[in-house]
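Here the working numbering is used: position 54 in the sequence shown is 67, and no number is missing along the way.
In this text, a Cβ means the ideal position worked out from N, Cα and C, and glycines have one as well.
First up is the structure itself, then whatever we jot down about it.
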Amino acid sequence: MARFGAYIAGSGSCVPQRRLTNADLEKLVETNDEWIVQRTGIRERRAVSEGESTVTLALHAAQKALESAKISADDLDLIIVATLTPELITPSTACLLQEKLGVKRHIGAFDMGAACSGFVYSIATAAQFIQTGAYTNILVVGAETLTRIVDYTDRGTCILFGDGAGAVVLSATEDTQRGIQAFELGADGMDGEMLYVPAGGSRLPASAQTIANRQHYLKMNGREIYKFAVHQMTDSLKKAMEACNLTAADVKLVVPHQVNQRIIDSATEKMGFPKEKVFVNIDRYGNTSAASVPLALDEALRSGACGAGDWIIMVAFGAGLTWASATVKL
Ligand code: UT7
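Here is the structure:
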């Protein structure tokens, strides 16, 4: 039994200034705007420039989240950063962010590795610390610089991914009916190589050979992931609704991983959600992996698409394969 509610006290996001449009990609690979828009819904994405990196995006998103939660970095008890494009292999991006935020107390900080599901995994994790009474304020960030690991000679992947960061402050409330009410985490390690980066880890450390073979770039079996994605997103949504006895009418907004407009449409239509109840910004940012749900959530909260008292469902899936959902009373 939860002793406290874990609610979203504030949110923030940050995207780099530089735009990468479909027309820009037409100059790099054999593709065209019409194909990309029809198959994915993406019109442009953002890309970091020199001097920008995962932690710089995370920092700006985190500062905005702290501001909107009306707390300072010194009020935090824990930092979790979900990312598959960490600043360094070690130390964690969360530790680097703690330093950049200027947190004076030596609070815990760690990264979550669950690819595109990472932010929802992190929210579910953070909620445990708050609901048990261990911690009061936790910063949860999803931040990515996917353009640094995307192969701009591979049209099957380079059209999809972009950079960005989103953050929330999860805080304790005595009202246990508020905040994260249910979650589901799942993984199927059997299909790990459907979406992976072959080299740069302990199996294949960086070498002249791995670089020549382009093995530091993201590889994806798009067609297979597509099938998995539609099934998994539908199933996760169904479970998220059932866990709190909700119908589509009770839910104000679905905030899905911005993966592909067709996948989002197909899963949400199956579960009875009209378009206006599904938050989409993939047209402007593409797929930003772990950043995608918090980036969408921050835009949804700031635009008034959802607010205090509303039920929302966050749902994501990605490499691992992993999937996750969270049913939240804002
Ligand atoms: O965040 C985590 C996970 N990632 C995903 O969830 C990705 C899921 N998959 C997808 O979103 C889609 O599979 C893609 C957008 C990657 C591809 O769309 P698709 O409708 O599944 O296309 P396809 O791979 O079945 O390819 C259809 C055709 C092929 O040509 P042929 O064999 O029919 O002649 C491809 O070679 O489209 C071709 N194609 C392209 N054409 C123009 C593939 N990529 C492109 C491209 N531009 N960028």
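Out of curiosity, what's the CA-to-CA distance linking R227 and G169? Roughly 15 Å separates the two Cα atoms.
Complete runs of the alpha helix (DSSP H) confined to the region 143 to 186 [at least 4 residues]: If you keep only unbroken alpha helix (DSSP H) runs of at least 4 residues inside the region 143 to 186, you get 168 to 171.
Alpha-carbon spacing of I193 relative to V153, whole angstroms: Whole-angstrom Cα-Cα distance: 13 Å.
Bounding residues of the beta strand (DSSP E) (the contiguous stretch that carries C108): Unbroken run through C108 is the alpha helix (DSSP H), 106 to 114; no beta strand (DSSP E).
Return the chain-ordered list of same chain residues with a C-beta closer than 7 Å to the C-beta of F32, the five sequence neighbours on each side being excluded. Position check: residue 32 holds Arg in this sequence, whereas Phe was assumed. Short of 7 Å from the beta carbon of R32, and not among the five residues preceding or following it, lie these beta carbons of its own chain, in chain order: E57, R59.
For T189 and T301, the rounded distance between their alpha carbons: Computed Cα separation, rounded: 32 Å.
For the candidate residues D311, L198, P211, whose alpha-carbon lies nearest to that of T420? With the chain covering 14 to 343 only, the question about residue 420 has no answer from this structure.
With a threshold of 6 Å on Cβ separation, who are the neighbours of G23 within its own chain once the five nearest residues in sequence on each side are excluded? The answer, listed in chain order, is A78, S81, A82, V182.
Close beta carbons around A280, own chain, < 7 Å, minus the five adjacent residues each side: Once the five neighbours on either side are set aside, the close Cβ partners of A280 are V243, M246, T247, L250.
Local Cβ density within 10 Å of N273, reported as buried at 16 or more and exposed below that: So N273 counts as buried.
May I ask you to report which of helix, strand or coil DSSP gives V61? V61: coil per DSSP, three-state reduction.
Assign E289 to buried or exposed, taking buried as 16 or more other Cβ atoms, counted over all protein chains shown, within 10 Å of its Cβ. With fewer than 16 other Cβ atoms from the protein chains shown falling within 10 Å of its own Cβ, E289 counts as exposed.
State the CB to CB distance for the pair I151 and L91, rounded to an integer number of angstroms; the pair is presumed to be in contact (CB under 8 Å). So it is a contact: roughly 5 Å between Cβ atoms.
Element boundaries [beta strand (DSSP E), containing R56]: Premise fails: R56 is in no beta strand (DSSP E) and is neither H nor E.
What number of angstroms, rounded off, separates the C-alpha of E187 from the C-alpha of R16? Distance between the alpha carbons of E187 and R16 is about 8 Å.
For ligand 1, I want to know if R236 counts as a neighbour, meaning its beta carbon is within less than 7 Å of at least one of the ligand's heavy atoms. Answer for R236: yes, Cβ within range of ligand 1.
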